[in-house]
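What follows is a single structure, written as structure tokens, with notes after it.
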Amino acid sequence: MGRKPCCDKVGLKRGPWSIEEDHKLMNFIFNNGTIPCWRNVPKLAGLLRCGKSCRLRWINYLRPDLKRGSFTESEEDQIIRLHSHLGNRWSKIASHFPGRTDNEIKNHWNTKIKKNLKLLGLDPVTHKPTENAEKTDGNKKQDQESSETKPEDVPCKEAVGIQVTELDETNDLLNDYEMLCGSFDLDYSHASSFSMEESNNPSTSAQEEDSLKQWVDCVDSFFSWGDNFIPLEEENSFLPWEISRIGI
DNA sequence: AAGTATTTCAACCGCCCCGGC
DNA sequence: CGCCGGGGCGGTTGAAATACT
């Protein structure tokens, strides 16, 4: 409304990213490290995209520390717990899951978890039985607000920030949820393992480095890099798996 | 095998917040 | 103190993939 768009959209490409575009963006980021101003990235990287689009592509898809694959049962549990206290603050929720993006969690919530909670007769917003939620419809907003209490306002249980009594309620909810998942025969067998201990440990272990190297190998085989790709080793700037340390 | 319905998820849109001036 | 611009975030869309008839 009267506000200038984030960029001049005329002549800019939209829609799915091509391999070549991914290549250009990754190459630029790997060779330049921190991005002080995303607005300049498309110009400098030779992309016909808006800066926001580049940022999103990097964060949601190209980042080397991204964890791929389906959500594990424990991750889903954690999402439900966090959502019951944080509401739709996807970025806050995602901050508890290294390697997962807010977009990914949001999508998973909207497509799967929400549906399963509804099947259980639970309101995905209030996390309470639907009848209950209807009965207290007038107070729904209040409920919602209280359920979306800011994390900093809530005494913390471990790193997650959950009151003990509320945690018990959430655990009951999760038991029902797990039973439901079981009855639908959800398959987590192909999903990678996950633990909050692991996720709360930001230290770059040798294991993590290995996985990042694997990622790079994987990307190398996945993308058909063009001849103009500058191997990072040759560039001598830094290795891709060091990105997490310098904090892009 | 073909057509249709449903699901998934990458990407976009637009608002809000915050820092710089 | 107010304005401006950029980044971040949540909601939404739509194309592609998958399931079903």
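Every number in the numbering used here is 9 more than the matching position in the first sequence, counting from 1.
C-beta: ideal position from N, C-alpha, C; glycine also.
Remember, it's a predicted structure, so these values are computed and weren't measured experimentally.
Taking Cβ to Cβ, would you say residue i is nearer than 8 Å to residue j?
i       : j       : result
Ile-68  : Thr-135 : no
Lys-94  : Trp-118 : As written in the sequence, residue 94 is His, which differs from the Lys given in the question. No, they are not a contact pair.
Gly-55  : Trp-47  : no
Leu-71  : Asp-31  : yes
Lys-137 : Leu-129 : no
Gly-108 : Leu-75  : yes
Lys-123 : Pro-133 : yes
Candidates the options: which alpha carbon is nearest residue i's?
i       : options                              : result
Asn-125 : Ile-102, Ile-89, Asn-112 and Pro-107 : Ile-89
Arg-58  : Lys-76, Phe-39, Gly-108 and Lys-33   : Lys-33
Glu-84  : Ala-103, Arg-66, Pro-73 and Leu-75   : Ala-103
Asn-49  : Cys-63, Ser-79 and Asp-86            : Cys-63
Asn-184 : Asn-116, Lys-115 and Glu-82          : Glu-82
Pro-73  : Met-35, Lys-115, Lys-127 and Gln-87  : Met-35
Lys-52  : Leu-21, Ser-79 and Gln-87            : Leu-21
May I ask you to list the residues that DSSP assigns as paired with residue i?
i       : result
Leu-131 : Pro-138
Can you tell me whether residue i is buried or exposed? The criterion is at least 16 other CB atoms within 10 Å of its CB, across all chains shown.
i       : result
Ile-38  : buried
Arg-77  : exposed
Gly-24  : exposed
Gly-96  : buried
Pro-45  : exposed
Ile-114 : buried
Taking the runs of the alpha helix (DSSP H) that are 4 residues or longer, which of them lie wholly in the segment 11-80?
28-41, 50-54 and 60-66
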